[in-house]
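Heads up: the sequence shown is residues -26 to -1, 1 to 462, going by mature numbering (1 follows the signal peptide of the UniProt record, and there is no 0).
Scroll down for the structure; my scribbles are underneath it.
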Amino acid sequence: MVSTNSIALLFVVLTLFLIHIKKIKSRSIHKNGKSEPQLPPGPAPWPIIGCVPEMLREKSTFRWIHCLVKEMDTDIACIRLGNVHVIPVTCPEIAQEFLKKHDATFSSRPTSMATRIYSRGYLTAGITPYGNQSKKMRRVLVSEKISPARHHWLMDKRTGEADNLVRYIYNRSKSSSGTVNVRTVTRQYTGNVIRKLVFGKRCIGVERADGGPTIAEEEHVEAIFTIIKYLYALCISDYFPWLVGLDLDGHEKFVNEAVRTVNNYHDPIIDSRIKKWRSFGNSNEESTIDEPHDLLDVLITLKDSEGKALLTPKEIKAQITEIMFASVDNPSNAVEWVLAEMINQPEILKTAMEELDRVVGKERLVRECDIPHLNYIKACIREAFRLHPIAPFVPTHMAMSDAIVSGYFIPKGSHVLLSRLGLGRNPKVWNKPLEFRPERHFTSGSTEVQLIEPDLHFISFSTGQRGCVALMLLARMNFMHVFQSFKF
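Below you can see the structure in the form of structure tokens.
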């Protein structure tokens, strides 16, 4: 038997060894006397598991991260989870270093349970780790999905859904209660628009007479938002891959159920359309589907250099799902918060309605061509992006090699979290950051308001190689007819 003294001695030796290793790692002196960059400041991690116990003890992981950054009074931190260095950033200048100066280094994505499941094994453009597959899918979206010609081609589909929204709100206003659930309206509107753009039809199931969402449509949109929720969550198995399948935090169950719901609605439509196009391609007879009528048709009909189908059915299905995610969250969230702030501050609502009446009038509905002239309403949307972002952080960037950012050492494999909340509510950048003040977005000498923020004082659609490729589509979808339809 091993004596107690031997065990104690072994423990002491291991402890001294760990202390020695830590001292070696923490040395910051070159042989030539120059100091080496160190990791950003952060809490002391436990051996092997890092700060996971502290993370699990908190109900909100992202609130815990923001509190740590605030307590340390820093704009960049380093939190080790397992063997991964997680780097939260709340300073625009440092964020620009990551997304502009070192864009190529941080243009990859980490693997995770949620992204693996919904992307069908990393087949999409936005969330797939950097490589041939992500570059291939991104080229497809940039060249086809949001080209100016294609965007104009789909305008009638977007306009039709805006008109349907007005009809539904009008019908609801005539009901006994006369009330409208804003969250339901905004989410279903964006869901209807993107389904119309992708599948050529807005409705899943039997269309309601009043223009409202069907049970199937509500289930479809709810499943999409469930997946989005867990895409931004920190899952234990993402940092300890050998725990995949145990589902210790319950995330995997909810993601699988939501993805199954979305696929049950998408796959039959996509399979049927692929079969139709393939049969048309093998036939010499004329067909009514000789040109694409929606984005699904575009993806199916793409050809490679040999004239063969560029995308496999699995790639098409995965990318269609990602297009849905990228198109519904930001617009609906921004409009919901703008309406809430306007109700709380009637003077803002009054100014917005006056601009709408001046630019559009009361005899017709607002059109997309009016958007460039609705600068106060655009300022309201920008302020919603700044103060009430859809998620605390942007999708995670991963370092493909070691880098020095803002004087700190960022190791290869680090997960960089650019904080939407930290950037948009940074008191060093914004005066009275917790107040909703659209006027702050009118710069001196210019009355034109853009939705994007190139200096990263807040993040609307991200930037760099991993920026949102659906920028134009998402921006236009924000300008809903809700302002013209609601009676407050």
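C-beta atoms are modelled at their ideal positions from N, C-alpha and C, and glycine is treated no differently.
As the structure is a computational prediction, the values presented were derived from the model and not from experiment.
Return helix, strand or coil for residue i, following the three-state DSSP convention.
{"i": "V140", "result": "helix"}
{"i": "Y206", "result": "coil"}
{"i": "K44", "result": "helix"}
{"i": "I(-3)", "result": "Confidence at I(-3) is low in this model, with a pLDDT of 43, below 50, so its placement is unreliable and the value that follows should be read with caution. In this structure, I(-3) counts as helix in the three-state DSSP scheme."}
{"i": "K33", "result": "coil"}
{"i": "K402", "result": "coil"}
{"i": "H362", "result": "coil"}
{"i": "H415", "result": "helix"}
{"i": "F383", "result": "strand"}
{"i": "L194", "result": "Contrary to the premise, residue 194 reads as His rather than Leu in this sequence. Correct three-state label for H194: helix."}
{"i": "M372", "result": "strand"}
{"i": "H225", "result": "helix"}
{"i": "I50", "result": "strand"}
{"i": "P62", "result": "strand"}
{"i": "V218", "result": "coil"}
{"i": "V233", "result": "helix"}
{"i": "A78", "result": "coil"}
{"i": "H267", "result": "coil"}
{"i": "residue 470", "result": "Absent from the structure is residue 470, since the part of the chain shown begins at -26 and ends at 462."}
{"i": "L348", "result": "coil"}
{"i": "V26", "result": "helix"}
{"i": "A18", "result": "coil"}
{"i": "A300", "result": "helix"}
{"i": "H240", "result": "helix"}
{"i": "L391", "result": "strand"}
{"i": "I189", "result": "helix"}
{"i": "L13", "result": "coil"}
{"i": "F254", "result": "helix"}
{"i": "F432", "result": "coil"}
Considering only residues of the same chain and omitting the five flanking positions on each side of residue i, which have a CB-CB separation below 7 Å?
{"i": "I274", "result": "R247, I248, W251 and I290"}
{"i": "E260", "result": "Confidence at E260 is low in this model, with a pLDDT of 49, below 50, so its placement is unreliable and the value that follows should be read with caution. So the list is empty, once near-sequence residues are dropped."}
{"i": "R113", "result": "none"}
{"i": "P11", "result": "I378, G381, Y382 and F383"}
{"i": "H347", "result": "V333"}
{"i": "L217", "result": "I210 and S211"}
{"i": "L(-18)", "result": "Because the pLDDT at L(-18) is just 49, under 50, the model does not fix this residue reliably, and the value given afterwards should be weighed accordingly. So no residue of the chain qualifies."}
{"i": "L408", "result": "R399"}
Since residue i contacts residue j with CB under 8 Å, what's their CB separation in whole angstroms?
{"i": "P14", "j": "I50", "result": "5 Å"}
{"i": "N166", "j": "N138", "result": "7 Å"}
{"i": "G100", "j": "E413", "result": "In fact, because the Cβ distance is near 34 Å, the residues do not count as touching under 8 Å."}
{"i": "H389", "j": "V180", "result": "Not really, about 45 Å apart at Cβ, beyond 8 Å."}
{"i": "I355", "j": "L425", "result": "6 Å"}
{"i": "P66", "j": "L430", "result": "5 Å"}
In chain order, what residues of the same chain lie with their CB nearer than 6 Å to the CB of residue i, ignoring the 5 residues before and after it?
{"i": "V334", "result": "V340 and D344"}
{"i": "K386", "result": "A373, S375 and D376"}
{"i": "P17", "result": "C25"}
{"i": "K109", "result": "none"}
{"i": "R157", "result": "E310"}
Out of the options, point me to the one whose CA is closest to residue i's CA.
{"i": "H267", "options": "K170, W404, L392 and L73", "result": "K170"}
{"i": "T89", "options": "H76, A207, S149 and R411", "result": "A207"}
{"i": "T48", "options": "P62, R37, R54 and V58", "result": "P62"}
{"i": "M298", "options": "I355, A358 and N237", "result": "N237"}
{"i": "L222", "options": "F228, I210, D271 and V233", "result": "I210"}
{"i": "V172", "options": "E337, G224 and I244", "result": "I244"}
{"i": "R394", "options": "E409, E413 and H362", "result": "H362"}
{"i": "S93", "options": "L269, K288 and F254", "result": "K288"}
{"i": "T286", "options": "V26, L276 and N230", "result": "L276"}
{"i": "R360", "options": "P21, F410, M327 and Y104", "result": "F410"}
{"i": "I294", "options": "N349, R338, G224 and G174", "result": "G174"}
{"i": "F432", "options": "K75, G396 and S279", "result": "G396"}
{"i": "R234", "options": "G16, L220, Y142 and I198", "result": "I198"}
{"i": "L55", "options": "D271, F214 and A314", "result": "F214"}
{"i": "P369", "options": "G16, L73 and A18", "result": "L73"}
{"i": "M87", "options": "Y142, C52, V229 and M111", "result": "V229"}
{"i": "P242", "options": "I178, A326, K324 and C52", "result": "I178"}
{"i": "E193", "options": "L217, K227 and E231", "result": "E231"}
{"i": "D271", "options": "F254, R141 and S279", "result": "F254"}
{"i": "Y204", "options": "S418, G281 and I91", "result": "I91"}
{"i": "Y96", "options": "A292, C52, R37 and M46", "result": "A292"}
{"i": "I68", "options": "K406, E315, L392 and E196", "result": "L392"}
Within its chain, find whatever has a CB closer than 8 Å to the CB of residue i; leave out the 5 residues flanking it on each side and keep chain order.
{"i": "V(-14)", "result": "At V(-14), the pLDDT of 49 sits below 50, so the modelled position is not reliable; the number obtained from the coordinates is stated separately. The answer is none, since no qualifying residue turns up."}
{"i": "T35", "result": "M29, A207 and L208"}
{"i": "E71", "result": "V379 and S380"}
{"i": "W311", "result": "A358, L361 and H362"}
{"i": "E135", "result": "Y163, N166, V167, K170 and R176"}
Under a CB-based cut-off of 9 Å, is residue i close to chain B?
{"i": "R399", "result": "No chain B appears in the structure shown, which is made up of a single protein chain."}
Counting beta carbon pairs with one atom in the segment 151 to 171 and one in the segment 179 to 197, are three or more of them shorter than 8 Å? yes
Counting pairs of Cβ atoms below 8 Å between the segment 73 to 89 and the segment 364 to 382, do you hit three or more? Counting Cβ pairs under 8 Å, three or more are found: they touch.
Please confirm if the segment 351 to 368 is in contact with the segment 305 to 313, defined as three or more CB-CB distances below 8 Å between the two stretches. yes
At least three beta-carbon pairs within less than 8 Å, the segment 94 to 112 to the segment 399 to 416: With the cut-off at 8 Å, the segment 94 to 112 and the segment 399 to 416 do not touch.
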